[in-house]
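The next block holds one structure in the form of structure tokens; read it before the comments.
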Amino acid sequence: MSNGFRCRLARELTGDGDRALDRETGVLHLLKRHLVPISAHFDQVLVLTYAFPRDLLAPLLPSGLEVDGYGEYGFLAVATVQTRALRPSFLPRALGRDFFLAGYRIFARLKTANGQVLRGLKILRSDTDLASMVTWGNLLTHYGYRRAQVICTTADGFLTISVRTPDAAADLEVVADLRHVPAPLPEGSPFPDIATARKFAGPLPHTFDYERESHSMLVVRGLRQEWHPQPVTVDVRRNTFVESAPFNEAKALLANAFYIKDVPYKWERGWREALPKS
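According to the numbering used here, the stretch in the sequence shown is residues 3 to 280, in order.
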């Protein structure tokens, strides 16, 4: 652990409210508050967004969040990201980590105490091919990292992704056609046009997670550059996550598929939004 990180952690743990909370619940949850800003580069991103009935997704969100939807639908995003040079922003790029990520997120909204409505994502599960991301990711976030075997190739205008998980709970096989961009929306998409669909392309400006120990919402803001998602045609050959409960209670309707490449990305230091007492 670097000296800079220790200093930031020490400052986080010295607040009077946190000291009182620490005596009751311990300190491990304090590590998961995104104490330092993080930088990375996304070499390429493929996002598949599935539409489900709002009332199917709502129980998967913690207190304080509401489904961010369109019409009768809420949305689950499956984001696959080839990530390079992930690191605390104060470290040089050469010390960053390269890895593949497959993340499963629900589009959600948070209304703050001052009445502002924030759009963002609630992460349900994260799969990665890098063992150290599982270790450190689960220590420092609530994102549920698991180890997976990943094959990601680009050839002849096609992006092919295969993710294998030990229990087959989140196996994914998808081929994206990058030759004909922009592509039309998938057949049966609930979106009337690409402009509307792009609002649910992910990632959104914020990531949310509930902290039980303080009954508050952790909010992390993401900053991106060169963000120009392009609709693509995809052949989803296997996606076991949307075939499992509770998603198998409804038809998984592919609402959009977007491809992005060469995106500098940064996550700011996290902050907490206190939730009303129940």
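Heads up, the beta-carbon is just placed ideally off N, CA and C, and yes, glycines get one too.
Measuring CB to CB, does residue i end up less than 8 Å from residue j?
{"i": "R271", "j": "E213", "result": "no"}
{"i": "Y238", "j": "L256", "result": "Inspection of the sequence shows that residue 238 is occupied by Val rather than by Tyr. It is a contact, given that the beta carbons lie within the stated cut-off."}
{"i": "V236", "j": "L78", "result": "no"}
{"i": "A284", "j": "T82", "result": "Residue coverage of the chain in this structure runs from 3 to 280, which leaves residue 284 outside it and unanswerable."}
{"i": "I261", "j": "L48", "result": "Going by the sequence as given, residue 261 is Tyr instead of Ile. Result yes, Cβ atoms of Y261 and L48 sit closer than 8 Å."}
{"i": "L123", "j": "G71", "result": "no"}
{"i": "V152", "j": "F109", "result": "no"}
{"i": "E251", "j": "L59", "result": "no"}
Using the C-alpha atoms, what's the distance from residue j back to residue i?
{"i": "L30", "j": "E215", "result": "10 Å"}
{"i": "A104", "j": "V80", "result": "7 Å"}
{"i": "V165", "j": "R181", "result": "23 Å"}
{"i": "L112", "j": "L161", "result": "34 Å"}
{"i": "L206", "j": "G224", "result": "8 Å"}
{"i": "A172", "j": "Y75", "result": "22 Å"}
{"i": "T155", "j": "H217", "result": "43 Å"}
{"i": "L97", "j": "P90", "result": "9 Å"}
{"i": "P55", "j": "A254", "result": "10 Å"}
{"i": "P184", "j": "P278", "result": "44 Å"}
{"i": "A170", "j": "T242", "result": "7 Å"}
{"i": "G73", "j": "P94", "result": "45 Å"}
{"i": "L126", "j": "D45", "result": "23 Å"}
{"i": "Y267", "j": "V136", "result": "20 Å"}
{"i": "A199", "j": "P192", "result": "9 Å"}
{"i": "L174", "j": "D129", "result": "11 Å"}
{"i": "P168", "j": "R240", "result": "15 Å"}
{"i": "A197", "j": "P188", "result": "14 Å"}
{"i": "G159", "j": "A276", "result": "47 Å"}
{"i": "P307", "j": "L220", "result": "Outside the shown range of the chain, which is 3 to 280, sits residue 307, and nothing can be said about it."}
{"i": "S134", "j": "P186", "result": "39 Å"}
{"i": "A157", "j": "I163", "result": "12 Å"}
{"i": "A247", "j": "V176", "result": "21 Å"}
{"i": "W229", "j": "T209", "result": "17 Å"}
Have a look at the DSSP bridge pairing and note the partners of residue i.
{"i": "S164", "result": "I153, E175"}
{"i": "K34", "result": "Answer is none; K34 lacks a bridge partner."}
{"i": "A81", "result": "V49, G105"}
{"i": "Y267", "result": "A42, R226"}
{"i": "A259", "result": "L50"}
{"i": "N241", "result": "L174"}
For residue i, does the count of other Cβ atoms within 10 angstroms reach 16, so buried, or fall short, so exposed?
{"i": "R107", "result": "buried"}
{"i": "F92", "result": "exposed"}
{"i": "Q227", "result": "exposed"}
{"i": "D195", "result": "exposed"}
{"i": "N258", "result": "buried"}
{"i": "A211", "result": "Before going on, a small fix: residue 211 reads as Asp here, not Ala. When all chains shown are included, D211 counts as buried."}
{"i": "L141", "result": "exposed"}
{"i": "W138", "result": "exposed"}
{"i": "T143", "result": "buried"}
{"i": "A53", "result": "buried"}
{"i": "A178", "result": "buried"}
{"i": "P231", "result": "buried"}
{"i": "R114", "result": "The amino acid occupying residue 114 in the given sequence is Thr; Arg does not appear at that position. With fewer than 16 Cβ atoms within 10 Å of its Cβ, T114 is classed as exposed."}
{"i": "D264", "result": "exposed"}
Does the count of Cβ pairs from the stretch 112 to 122 and the stretch 132 to 152 closer than 8 Å reach three? no
Flag this pair as touching only if the stretch 54 to 68 and the stretch 29 to 46 have three or more C-beta atom pairs under 8 Å; answer yes or no. no
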